Amino acid sequence: MDPAALIPTPDAIPVHWGWFQLLLLLTFYLHILFMNVMLGTIIIAFVRHFQRPAETCPLTQEISNKLPFSIALAVNFGVAPLLFVQVLYGHFIYASSILMAALWLSIVGILIAAYYTAYIYRYQYEKMVDGRIVATGLISCLLLIIGFFFSNNFTLMLHPETWHSYFDHPAAMLLNFSDPTLIPRYLHFVFASLAVGGLAIALFFNHRQKKGDPKAGEWVRYGCNWFGYATFANFAIGFWFFGTLPKGLINPSSLVGGLFSIFLIIGVISALLAAIYGLRYRVMPALYLLLGSIFSMILVREFLRVAYLKPWFSLADLKLATAYSPLILFLLFFACGLVLIGWMLKITYQTYRNREVQS
Amino acid sequence: MNYPVWQLDAFGGGLMIAMIAVFHVYISHFAVGGGLFLVLTEHKAYREKDPSILDYARKHTRFFLLITMVAGGITGVGIWFTIALLNPGATSVLIHNFVFAWAIEWVFFTIEIIALLIYYYTYGRMDRRNHLIIGWIYFGAAWMSLFIINGIIDFMLTPGDWIQTHNFWDGYFNPTFWPALFFRTALCIIIAGLFGFMTSTWIKQASLRKKLVRYCALYLLIPFAVLLASAWWYKAALPAELQTLIFEIMPEMKLFITGFIYLSPILILGGLLLAIRLPSIVTRPVAVVMLLLGFAYMGCFEFIREGGRRPYILRDYMYSSSILKEDMAKVQQNGLLKEAKWVRNKNITVASELDAGREMYNILCLPCHSINGPLNDITKLSSIFSERGLKNLMAGMDKTHPYMPPFAGTAEERKAVAHYISYHLNGQRQSSEEVEISPVAAVDIPAFNDKQNEYVLLAWSDMGMRSMTDSSNSWMMLPPGVTLNATLILRGETPEVITEGVSLEYQVAADFSDPAAQVDFWQNSASLFNKEILRNTGLSGSGLNGIMKAGESTFSAELLPLVPYPNKGGYLPYPTVSITAKGSEGNTLVTTTVVAPVATEMGCRNCHAGPWRVGNRAGVSRQTAENVLAVHDRLSGTSLSAQVAAGKPVLCQQCHSDSNGRHPGNEQQLNMSAAIHGFHANFLTSQDASACTSCHPAAEDGSTRAFRGMHHSLELDCTSCHGNLSDHALTLLKWEQEKGNNRASVLISRLQPSAVDTVADINPRKPWVNEPDCLHCHLEFQVPEDDITFNQWTESEEELFRNRTDESGQLRCAGCHNSAHAVYPTVNPYNENLDNIQPLQYQGEPFPIGSNRNCAVCHTMTMDEEMHHPNMLREFRNQ
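In order, the protein sequence lines correspond to chains A and B.
With this note's numbering applied, the first sequence has no gaps in its numbers, which climb one by one up to 359 at the end.
With this note's numbering applied, the second sequence has no gaps in its numbers, which climb one by one up to 1879 at the end.
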């Protein structure tokens, strides 16, 4: 069966695809940061509880406090890139989603379970000494499953040549194990989460430390160690991932291949430097380098998608049914929204600062 | 068609989306109205300087946050996941057209989340003014989310001018945008009150509980007027045809409309009940019940709105099957399997028919019909139909059921889908179509000696193909009654037609002597015809034997009580009747035998379920008859099933007039022929005679095979003279239309003529008066140049073949040629010569009387003039 015959016909887009690509990159960047913090911190909390079941420490307390926020923000900032990826690649992602529909839809239930467990972990933290390991373990498992389903779907969409399996597997639970990149790609995200989670912990306690908390330094180092070692581990996984990419997929002499190579190198170097700074407990330099590294890697991820889909589709193929006024309105609301959010965060910050001053 | 299908089977039919959507919509409305509730309650606490109210508001905020942010927020994403899985085509259209509306909604969603988290976590920490502002920001963002999403949701039901312009704003601010916004806003506040009951009834302090329960009741009661007014506005904003569809036609909508109507006062009363002082042991369960009723209320509304789109997912643009309206003709032309991307079977073979049927079912039916599931279970809905019935039903379902889409595929594909449903899902095993016929014994040809016999007696039935219905305890369309005619000729050089001084006695064959034992017509005759009809007597009083009534040149015995069931059992649709002419002194002049055809092979069961009533070959069973009435009741709003259940069977002609004037019917209704052909032509769409023989007893492999005359031997079929069913129906409907019957216009609008270019070219005709005629092909009695005639009709009843005479005016055409559909030489399926008795009796060969230069049958001299009609003096052409 000709795989091209299975690829659905895409709908027209209202503005040039570059707009959507830009919005996709920006919003996915925010999503991946929050997602990494969410997943990384809960796994770290689980490991801590596993190592010291009876301990009540500021690290896990703060993670339990902040986890509902990070889930809320990870989900919220996941909505936008999911929207924009549908605009550009809907005909691929819808098809692959249906091939694993039962698993894909189960994400909703799994996420609700993880979310409510996170609230239980938050509100029952003090009471549930023995239950903390169960709660964090459960949340970690649930979120890891969700992550795996995402990796599965977003690799499956790149392989129309495997879609014919649909005809033999009507249960809609197709897993993309025939793709050798699936496991290293997934682990690459998981270890990135551990690293980012570690740095988020370091950043939080670094702030505490600056406010004069004498015990915060320990946790800064703890977080930085997680960040550094997870990043180094991720180099190994990254090379594994790179090695599993199909031969000839990336042609460095092509535009996409060239950009892929450049940003990959930037990403690797900045991650390496970030890890070194991290292991030296230099939180802020590590943070800036990490943010740069993640952005580079997101670009690499996009170029990889373009390279995979090149035999089937190019973004320039999308038809245009021009309508710019809704875009302008969105940008207007987006700007106003940012101002409003900024104001709300400002007065919240002032509230807490005033209370600290008063106390 | 563009995407693969998630084969959900029992969870199909929209169950997944219904489960997630109703749940999410309920909570998301709470997320909007509840925001207002939070901030107003906080205001109230400050205004009344009551810290206990503030404490309640803070606790309610936590409850609110846990419900809306987790269950509400994630199921919102869940809806997105679900619609993309179940209807990716429509989701793609919504995403691509309204991407920036979605994006704006995401901006407000983000503001909502941040505002709510700040609002809750700074309770009692932030200064009052700013805290209230954060609360108002939350509510404003939540309401704006509603505002944004409302345009997209309503676009799906009423896309308005977008259909033509594809302009974002035309689609977004569509005809139901504003009423829906008001409606939903009111609903949000009501739901906030319902959730408020959940927390306020749990307050321990009685006075505070009473105060706040009453406060919550205001949220329920104050917006109700707005809700009902905007519901009316919402309804009025729907296009007229959509209003009719939702509120009058769609059967499954009734439950939800009724639910919505009844739940409105119940919710108001519940609110009032909670507002009075009651112990918490009462108010708490009532609060829970109210919350569940609110859920049901929301569900009713959403089901009405979702269901109202049918047969579209995006009204007037994309069908529920994801096939674009503009692509439908192409898919019907080329076939679904050719046009769909995600099918394995690109062609249908014997081996692949079932799997191809499954693949097509998944694309076309599964979006609305589950398999053994709770929503629109196809097995329940289709179990009453045979495979053939399903195939036919699918051909016209969009015309009689406007909430169903047209079948998107070819006739062959339709058959495959019907096969999948009937054979695979319903386990029906279609019996062999071919009916085996047991020949009757050799026919006794009465003696005739052309040297001695002075008389010739010709007899014929007025119809060569006569049907009757034998489901009299349910309904009656065609009562028993075969009319025989006869002509007595005194042979001679100039033969005479004799009607005076003689009598013709008829006697039905002994094997058909007790029809009342075979059918229940006589038991029900009083109910059906308002008069008692004596057992084994016909409607005009004729018995099984008697004297034929003399006319000017012919004798007749009207409406003999004949049924096709011999006393010994079985089915024989060709009873014989012997006729004896006697002189004034009672002496026998001549005797002959004639077939009196009567068939009950009426193929209602082909579509309407149930077995044949008799011998697996004929008769309308009770099950079939009841199904016919049930369908009639459903589609025409009658209550015939109830009437039958009450013991009063239905005479179809009570409403649908017959042409003979015995039953004038209801003037508002179509005549019987126009109604039954005009309706069924929607389903029996084949262009050939198989559409006709689905009901009439003329199938080549049927148990009657009533089309048995020479024209059958020459391989003509029903359509040769009557046109195909669609054309045939149009002629009848057009006559009714010209009389001013609007129903005819509706049915005409659903049919396409094929023999002529447009409906305007169809010549209307009155049934049983304006009929095709032999001379339309046999011009001037000559060899026809064409064997197809359509759209030419006899002018009056006198011109009908059965009434017309030769040029002498004495002999009926049918007297020599036999009845229509059985003209000599006939090959009767039960015995080759059963219909040829008289030609064999008088001339020893089965050709028309006097043909093949057999003038001596009547004339005792050589004839060289074509006295009866031109072109008769020659050798019979089709020997």
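Every residue gets a Cβ at the ideal spot worked out from N, C-alpha and C, and that includes glycine.
Only a predicted model underlies this, so the values are computations on that prediction, with no experimental measurement involved.
Within its own chain, the residues whose Cβ lies closer than 6 Å to the Cβ of isoleucine 1498/B, once the five positions on either side in sequence are excluded, are Leu1488, Leu1490, listed in chain order. Residue burial is scored here from C-beta neighbours: arginine 1277/B has fewer than 16 other C-beta atoms within 10 angstroms and is therefore classed as exposed. In the DSSP assignment, isoleucine 107/A falls within the alpha helix (DSSP H) that extends over 101-123.
Chain A has a Cβ within less than 7 Å of the Cβ of leucine 1085/B. Taking all protein chains in view, the Cβ of proline 1848/B is crowded by 16 or more other Cβ atoms within 10 Å, so the residue is classified as buried. Contact between the region 1064-1078 of chain B and the region 1015-1033 of chain B is established, with three or more Cβ pairs separated by less than 8 Å. Assignment of phenylalanine 1683/B by DSSP, reduced to helix, strand and coil, places it in the coil class.
Using a Cβ-Cβ cut-off of 7 Å, serine 1092/B counts as an interface residue toward chain A, since at least one Cβ of chain A sits closer than that to its own. By the neighbour-count definition (other C-beta atoms within 10 Å, threshold 16), glutamate 1552/B is an exposed residue.
Aspartate 1470/B is classed as buried because its beta carbon has at least 16 other beta carbons within 10 Å across all chains shown.
In the DSSP assignment, glutamine 1838/B falls within the alpha helix (DSSP H) that extends over 1837-1843. The beta carbon of valine 1226/B sits closer than 7 Å to those of Phe1182, Ala1186, all from its chain and outside the five residues before and after it, given in chain order. With respect to the C-alpha of tryptophan 17/A, the residue from Gly90/A, Gly78/A, Ser296/A, Ile298/A having the closest C-alpha is Gly90/A. Taken through DSSP and simplified to helix, strand or coil, lysine 346/A comes out as helix. Per DSSP, the continuous beta strand (DSSP E) segment holding lysine 1582/B begins and ends at 1576-1583. A residue is called buried when at least 16 other Cβ atoms come within 10 angstroms of its Cβ; glycine 1171/B meets this threshold and is buried. In the DSSP annotation of this structure, the continuous segment of the beta strand (DSSP E) that includes alanine 1486/B starts and ends at 1482-1490. The C-beta distance from valine 1759/B to leucine 1730/B rounds to 6 Å, short enough to fall under 8 Å.
In the DSSP assignment, alanine 1557/B falls within the beta strand (DSSP E) that extends over 1555-1560.
At a Cβ-Cβ threshold of 7 Å, glycine 1389/B and cysteine 1721/B do not count as neighbours. Contact annotation: the region 183-197 of chain A touches the region 38-52 of chain A, with at least three C-beta pairs closer than 8 Å. The shortest CA-to-CA distance from glutamate 1626/B to any of Trp1080/B, Gly1647/B, Gly1615/B, Arg1617/B is the one to Gly1647/B. In the DSSP assignment, alanine 1115/B falls within the unbroken alpha helix (DSSP H) covering 1099-1121. The beta carbon of tyrosine 277/A lies closer than 7 Å to those of Pro285, Ala286, Leu289 in the same chain, with the five residues before and after it left out. When DSSP reads this structure, lysine 1549/B sits in a beta bridge with Ser1556/B. Nearest Cα to threonine 162/A within the set Trp219/A, Ala95/A, Thr117/A, Phe148/A: Ala95/A. Proline 1159/B is outside the set of residues whose beta carbon lies under 7 Å from a beta carbon in chain A. Nearest to serine 1819/B by alpha-carbon distance, out of Gly1294/B, Ala1090/B, Val1595/B, Leu1263/B, is Val1595/B. Residues of chain A with a Cβ closer than 7 Å to the Cβ of alanine 1101/B are, in chain order, Pro326.
In this structure, threonine 136/A keeps its C-beta atom at 7 Å or more from the C-beta atom of proline 184/A.
Remark: C-beta atoms of lysine 319/A and alanine 12/A approach each other more closely than 7 Å.
Identification of chain A residues near glycine 1073/B by a Cβ-Cβ cut-off of 7 Å yields Val75, ordered along the chain. Residues of the region 51-69 of chain A with a Cβ closer than 9 Å to any Cβ of chain B, in chain order: Pro68, Phe69. Of the other Cβ atoms in all chains shown, 16 or more fall within 10 Å of the Cβ of tryptophan 219/A; this residue is therefore buried. Under the Cβ distance rule, phenylalanine 1011/B does not count among the residues neighbouring chain A, no pair being separated by less than 7 Å. Collapsing the DSSP output to three states places methionine 1198/B in a helix.
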